[in-house]
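Each number in my numbering comes from the position in the sequence shown (counting from 1) with 2 added on. Down below is the structure, laid out as structure tokens.
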Amino acid sequence: MFQSVLMMGGLGVAIGTALVIASKAFYVYEDPKVVAIDDALPGANCGGCGYPGCNANAEAIVNGLSDVNSCVAAGDDVAMAIAQIMGVAISDTEPEFAGPGCYYGKDDADMEYAYQGITDCRAAALLFGGMKVCRIGCLGLGTCVKACMFGALSIGSDGLPKVDQEKCTGCGACERICPKNIIRLTSVTRRIIREYTTEECVTPCQRACPTGIDIKEYIRLIREGDYEASVQVIKERNPFPTVISRICPALCESKCRRLLQDESVGINNLKRFVCDYEMNQNKRILPYKAPATDKQVGIIGGGVEGLSAAYFTARLGHSPTVFEATDALGGILCKAIARERLVKDVLDWDIEGIKEMGVTVKTHVKAGKDFTVDGLLKQGFHAVFTATGGWDSRLARGGVDQAETVFPGAYLLIDLLRSQSDKNITIPLGKNVVIVGGGIRVPDAVKLLKQSGANKITIVSRKQYEDSSFDSAAIDVLSKAGATIIYNAGVTKVVGEESNLTAIEYAALDTGEKQMIDADTLFIASGRFPELVFVPVIDDESDHAQDGQEKIGPLVWEGVELQKKPDTNMELGLLSSQDVISEYPSAVASINGGRKAAAAMHHLMYGIKFQDASNFITDQSILQDVTVLKNVDVLPRNIIKLNNEQKGYEGGRVSTGFSTGFTTEQAQAEAARCLRCGLVCYEKSKIVG
């Protein structure tokens, strides 16, 4: 008996000792903050924060990799509790919610076969991509509804998913599980910074619109008599709607699917109708904005592109300031368009609307003279965008009597060539000079540079050696002058320190490989300065100036080109076919340039990776379409009556000297002609009898 007790006691001591040793050897430290935050989180493990579960997100919050309000499934009370645990302040976040992107269910869309398999969209998609003729259309089997853990999704009577925005947390579970990528998270920011892709249902008219307005949606709202909401949709992508409704080339109408049956819908006239409605109400209809951030943005140039960039930047929640060299905003719209076509009151109305979005404007200030890019960055601006316009804008403001510079060390090649005959044009040169482009006038420019003391001259040409603009005589001249020609390359970035340009980055167009070369002076062979976003280069030992304080140490900055839609690497770099060489072909195109600039600044300020461009919709994209309409009644287009009126306001009504626009009855009738197209779907006429 005693022996048994002794043996059991000894065994207990041995096991206890082993457990103590094991607990010490295999002890895993749990940060009490992680434990506390994990307890505060709802435990949904939905993945909406970007991490596989709540515990992983708690660790990310403690390590500074995730925000205290990163949990989309929780409310403000949870975010406040986590902020208290971390001892930090909390800022507002922009709500995101799911947005279905298909408009025709199984009963209305053309079908290829009747699906009778597993009730799951992923299973149906395995069978020839699904039962719809449209290859990206919603299959309507409710897989996204089952994936939603918050009861925010349901299948409507039309067979398409419906979102309850009050219940939707923006976790993205539906987006991740949809095999067609037709349901996506949406927000003000996402709609501004994203380009349309081949996975989205973008109608022919919308694809043709340079600004990408959701045309069928604003026409639908006109059809329903909701004019204010219609203006909201237009202002999602167009800060100059009243102006554009008078001068737009209406490219959208040339792609209207009704042309297959009769005449295009009067899209631009409908836009004018609701925009004039807003003016006649004398009540501004402002679009939605993201919550305010601490980011200050400088925009050089108060033309259409610059004001558009400021407008979209303000809608992203940032604080933009426009620097304009003249006394008036609007650029070419203000200086060059005949007033009988565009009354000043109309232009002023849209410009005031842009200002009301939170845009600060400073006039009579010129880049390179009254302020500099590096100076703005040192003052605390987080990004600076150059939108000074082209040669036409420069002529309009009388800026051709001397060389202009927008950012340190950069000049137009035309000013260098003009300096030979005009002694008032002087350009300070560094030892390392780079010329981008130039054609047959490059040899003349190189001679001038050598005479002025340039030591090393590099020419970056987008053309191949055999296709270059240089003949044997020109190449001989360049060779004797010691100039180096880099063929088949494009400049993608400029780099500087303080008020000096120090280097440029170029990319080989065939491989995309990038290299840096020293540069003190840069000459651009086009009629305008390139559209670049300038940001400070932040290292681990220094940070950006805060609250207007000067940055300590030398400022290093870089100017980055805007994102393009490259089918190949041939679009990389300055002076590509997508770059504006002198002026935009239309004001509506420059508006889209401003939106792209705002998107680029947003990405660069936050270090966000640019959207994958491989599936952007381009002119070369092969998309589904239809060549004939079935069951569509012929309806004549409503024509506006031309009327010579006095300019300005008259009896509370907008008078432009161009036309009075649609009446309410005409607008309703014309809106009813819209087929509410999808990618291949459209609204068919109801069969009577």
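Cβ atoms here follow ideal geometry from the backbone N, Cα and C, with glycine treated the same way.
Item: Applying the criterion that 16 or more other CB atoms from any shown protein chain within 10 Å of the CB defines a buried residue, is Pro-445 buried or exposed?; Value: buried
Item: Does Glu-177 pass the burial test, meaning 16 or more other C-beta atoms within 10 Å, or should it be called exposed?; Value: buried
Item: Could you check whether Pro-289 and Gln-234 sit closer than 8 Å to each other, using their CB atoms as the reference points?; Value: yes
Item: Do Trp-351 and the ligand COA come close, with the Cβ less than 7 Å from some heavy atom?; Value: This structure does not include the ligand COA; it has no bound ligands of any sort.
Item: Taking the beta carbon of Glu-695 as the centre, do at least 16 other beta carbons fall within 10 Å, making it buried, or is it exposed?; Value: Residue 695 is absent from the structure shown; the chain starts at 3 and stops at 691.
Item: Using three-state DSSP, classify Ile-427 as helix, strand or coil.; Value: coil
Item: Quick one: what does DSSP say Met-9 is sitting in, helix, strand or coil?; Value: helix
Item: Could you have a look at Leu-155 and say whether DSSP puts it in helix, strand or coil?; Value: strand
Item: For the stretch 328-347 against the stretch 296-314, do three or more pairs of beta-carbon atoms, one drawn from each stretch, fall closer than 8 Å, so that the two count as touching?; Value: yes
Item: Give me the Cα-Cα distance between Gly-107 and Tyr-229, rounded to the nearest whole angstrom.; Value: 27 Å
Item: Give the secondary structure of Asp-376 by DSSP, where H, G and I count as helix, E and B as strand, and everything else as coil.; Value: helix
Item: If you drop the 5 nearest sequence neighbours on each side, which residues of the same chain put their C-beta closer than 6 Å to that of Leu-141?; Value: Cys-123, Ala-126 and Gly-132
Item: Using only the alpha-carbon positions, how far apart do Phe-618 and Asp-541 sit?; Value: 33 Å
Item: Note down, in chain order, each residue of its chain lying with its Cβ closer than 6 Å to the Cβ of Pro-241, except the 5 sequence neighbours on either side.; Value: Ser-310, Tyr-313 and Ile-356
Item: Following the continuous beta strand (DSSP E) through Val-386, name the residue where it begins and the one where it ends.; Value: 385-388
Item: Please say whether Arg-274 and Ser-232 have beta carbons closer to each other than 8 Å?; Value: no
Item: If you follow the beta strand (DSSP E) that Tyr-413 is part of, which residue opens it and which one closes it?; Value: 412-414
Item: Quick check on the burial criterion: 16 or more other C-beta atoms within 10 angstroms. Buried or exposed for Ile-666?; Value: Reading the sequence as shown, one finds Thr at residue 666 and not Ile. Exposed.
Item: Is it buried or exposed, Gln-298, if we count other Cβ atoms within 10 angstroms and call 16 or more buried?; Value: buried
Item: Give the straight-line distance between the Cα atoms of Val-361 and Asp-522, rounded to the nearest whole angstrom.; Value: 34 Å
Item: Under 8 Å, do Gly-529 and Ser-584 count as touching if we go by C-beta distance?; Value: yes
Item: Please report how far the alpha carbon of Tyr-586 lies from the alpha carbon of Gly-392, in whole angstroms.; Value: 9 Å
Item: Looking only at C-alpha atoms, which of Lys-257, Val-70, Ile-461 and Ala-509 sits nearest to Thr-95?; Value: Val-70
Item: Report back the beta-carbon spacing between Leu-625 and Leu-681 to the nearest angstrom; my notes put them in contact at under 8 Å.; Value: 7 Å
Item: Just grab the DSSP bridge partners of Lys-458 for me.; Value: Asn-434
Item: So, for Arg-260: in the same chain, excluding its five sequence neighbours on each side, which residues have a beta-carbon less than 7 Å away from its beta-carbon?; Value: Ser-266, Val-267, Arg-675 and Leu-677
Item: Figure out for me which residue from Val-367, Asp-79, Gly-319 and Leu-349 has the closest Cα to the Cα of Phe-325.; Value: Val-367
Item: Does the separation of the CB atoms of Ile-461 and Ile-488 fall below 8 Å?; Value: yes
Item: Between the alpha carbons of Lys-516 and Gly-498, how many angstroms are there, rounded?; Value: 17 Å
Item: To the nearest angstrom, report how far apart Thr-388 and Ile-526 are at their CA atoms.; Value: 14 Å
Item: Whole angstroms are fine: how far does the CA of Asp-352 sit from the CA of Thr-244?; Value: 7 Å
Item: State yes or no: is the C-beta of Gly-300 within less than 8 Å of the C-beta of Val-386?; Value: yes
Item: Tell me which same chain residues have a C-beta within less than 8 Å of the C-beta of Ser-687, skipping the five on either side of it?; Value: Asn-633, Val-634 and Asp-635
Item: Have a look at Glu-61, Gly-49 and Val-22 and flag the residue whose alpha-carbon is nearest the alpha-carbon of Pro-34.; Value: Glu-61
Item: In its own chain, which residues sit with a C-beta less than 8 Å from the C-beta of Pro-212, not counting the 5 before and 5 after it?; Value: Leu-253, Ser-588, Val-590, Ala-591, Ile-593 and Asn-594
Item: Spatial neighbours of Lys-182 within its chain, please: C-beta separation below 6 Å, excluding the five flanking residues on both sides.; Value: Ile-138
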